[in-house]
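Trainee:
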Amino acid sequence: MSRKFELRLESHELDTLHIKVCRVLREAILRGHFQPGERLVQEELASSLGVSRMPVREALRKLETEGLVIIEPHRGAIVKSLSVEDIQEIYGLRAQFEKMAVEMSAAHMSQADIDQLEELVVAMEKSSDSTEFIESNIEFHRLLISRCTWKRLVSFIETLWNGFPQQTPQMLNDQTEKSNKEHRDILQAIKNGNAAEAGRLVHGHIRRTGENLVKSLQDTLE
Numbered sequence: 001m002s003r004k005f006e007l008r009l010e011s012h013e014l015d016t017l018h019i020k021v022c023r024v025l026r027e028a029i030l031r032g033h034f035q036p037g038e039r040l041v042q043e044e045l046a047s048s049l050g051v052s053r054m055p056v057r058e059a060l061r062k063l064e065t066e067g068l069v070i071i072e073p074h075r076g077a078i079v080k081s082l083s084v085e086d087i088q089e090i091y092g093l094r095a096q097f098e099k100m101a102v103e104m105s106a107a108h109m110s111q112a113d114i115d116q117l118e119e120l121v122v123a124m125e126k127s128s129d130s131t132e133f134i135e136s137n138i139e140f141h142r143l144l145i146s147r148c149t150w151k152r153l154v155s156f157i158e159t160l161w162n163g164f165p166q167q168t169p170q171m172l173n174d175q176t177e178k179s180n181k182e183h184r185d186i187l188q189a190i191k192n193g194n195a196a197e198a199g200r201l202v203h204g205h206i207r208r209t210g211e212n213l214v215k216s217l218q219d220t221l222e
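Residues 1 to 222 (UniProt numbering) make up the sequence shown, in order.
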């Protein structure tokens with residue numbers, strides 16, 4: 001297992017321990033600190049992070065559901081390779097599904113929902129901490145679809161959100177500034193009562209992010 005970087009848990013985070021461990025390992029995989037095919041040894045990870053094996057085991061199981069590792073009998077967790085096709089599929093589906101969900105949700109949003117969206121947009125615009133930005137970004141997207149009555153659609157979206165979509169702001173250097181403008185435009189469309197425009201903007205926002213992520217991955221592979 002690679003030892004060229006430091007695994008570290010942020011003490012200020014309020015998530016349960018295995019979620020903290022999962023976030024750290026996810027980012028390490030996505031940043032290439034762990035290579036495809038590399039075996040992740042629970043004992044070594046637990047020692048590096050200063051935790052017991054239990055949260056590491058739970059984190060690896062979650063990463064398996066996200067498609068980032070494979071857990072093989074007698075070998076443990078093996079890092080999977082990320083392909084351009086994986087990213088294109090995930091972001092293509094997200095763009096379509098979230099467009100539909102936002103169009104349905106926006107029409108039923110209360111003023112309290114809109115006020116909360118505004119608070120999240122402001123928080124992201126002012127944030128200088130990537131972890132705080134990611135948390136606000138996740139909550140913003142979840143709130144956008146929170147009034148969608150198609151529960152299966154919401155479930156599909158939540159599944160697609162697992163894995164690297166959560167870490168995109170940390171993986172793309174110019175993502176935050178672009179996202180802030182797009183978030184503000186989406187919010188304005190909802191304030192204007194234009195659900196179709198909000199859906200269109202969400203679709204473009206997600207597609208643009210996916211395309212940039214593909215380019216970043218291709219540049220890394222060259």
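Each residue gets a CB set at the ideal place from its N, CA and C atoms; glycine is no exception.
Could you compute how far the alpha carbon of I19 sits from the alpha carbon of E197?
Mentor: The residue you call residue 19 lines up with position 19 of the sequence shown. The residue you call residue 197 lines up with position 197 of the sequence shown. In a straight line, the C-alpha of I19 is about 35 Å away from that of E197.
Trainee: Looking only at its own chain, which residues have a Cβ that is under 6 Å from the Cβ of I70, when we skip the five neighbours before and after it?
Mentor: Within the sequence shown, residue 70 is the residue found at index 70, counting from 1. If we look at I70 and ignore the five residues flanking it on each side, its Cβ neighbours are I78, K80.
Trainee: Can you name the start and end residues of the beta strand (DSSP E) that A189 belongs to?
Mentor: Here residue 189 refers to the residue found at position 189 when the sequence shown is read from its first residue. Counting along the chain, A189 falls outside any beta strand (DSSP E), though it belongs to the alpha helix (DSSP H) covering 175-191.
Trainee: Note down, one range per segment and in chain order, each beta strand (DSSP E) of at least 3 residues found wholly within the UniProt domain "HTH gntR-type" (15-82).
Mentor: 69-72, 76-79
Trainee: Can you find the residues in the same chain that come closer than 7 Å, C-beta to C-beta, to K62, ignoring five residues on each side of it along the sequence?
Mentor: Locating residue 62 in the sequence shown gives position 62, counting from the first residue. The beta carbon of K62 sits closer than 7 Å to those of C22, all from its chain and outside the five residues before and after it, given in chain order.
Trainee: Pick helix, strand or coil for S146, following the three-state DSSP scheme.
Mentor: The residue given as residue 146 occupies position 146 in the sequence shown. Reduced to three states, the DSSP call for S146 is coil.
Trainee: Suppose the cutoff is 6 Å on Cβ atoms and the five residues either side in sequence are ignored; what does the same chain contact list for E182 look like?
Mentor: In the sequence shown, the residue the question calls residue 182 occupies position 182. Correct list, in chain order: H205.
Trainee: Just how far apart, CA to CA, sit F34 and L40?
Mentor: The residue labelled residue 34 in the question sits at position 34 within the sequence shown. The residue labelled residue 40 in the question sits at position 40 within the sequence shown. Each residue's alpha carbon lies about 8 Å from the other.
Trainee: Excluding the five sequence neighbours on either side, which residues of its own chain have a C-beta within less than 8 Å of the C-beta of L160, listed in chain order?
Mentor: Taking the first residue of the sequence shown as position 1, residue 160 is located at position 160. Around L160: I90, L93, R94, F97.
Trainee: Whole angstroms is fine: what's the gap from A107's alpha carbon to L187's?
Mentor: The residue you call residue 107 lines up with position 107 of the sequence shown. The residue you call residue 187 lines up with position 187 of the sequence shown. So the two alpha carbons sit approximately 13 Å from each other.
Trainee: Using a Cβ-Cβ cutoff of less than 6 Å, which residues in the same chain neighbour V214 once the five nearest sequence positions on both sides are dropped?
Mentor: Against the sequence shown, residue 214 aligns to sequence position 214. Cβ neighbours of V214 beyond the five flanking positions: V84, I87.
Trainee: Would you kindly work out how many angstroms separate the C-alpha atoms of N192 and R147, rounded to a whole number?
Mentor: Your numbering for residue 192 matches position 192 in the sequence shown. Your numbering for residue 147 matches position 147 in the sequence shown. Straight through space, the alpha carbons of R147 and N192 are spaced by roughly 17 Å.
Trainee: Rounded to whole angstroms, how far is the Cβ of S110 from the Cβ of L144, which I believe are closer than 8 Å?
Mentor: Mapped onto the sequence shown, residue 110 falls at position 110. Mapped onto the sequence shown, residue 144 falls at position 144. Rounded, the Cβ-Cβ distance is 14 Å, inconsistent with contact.
Trainee: Once you ignore the five residues that flank I29 on each side, which residues in its own chain have a CB closer than 7 Å to its CB?
Mentor: The count along the sequence shown starts at 1 and reaches residue 29 at position 29. Around I29: L68, V79.
Trainee: By Cβ distance, which residues of its chain are closer than 6 Å to A195, with the 5 residues on each side in sequence left out?
Mentor: Locating residue 195 in the sequence shown gives position 195, counting from the first residue. Here A195 has E103, A106, A107 as same chain residues with Cβ atoms under 6 Å from its own Cβ, once five neighbours each way along the sequence are excluded.
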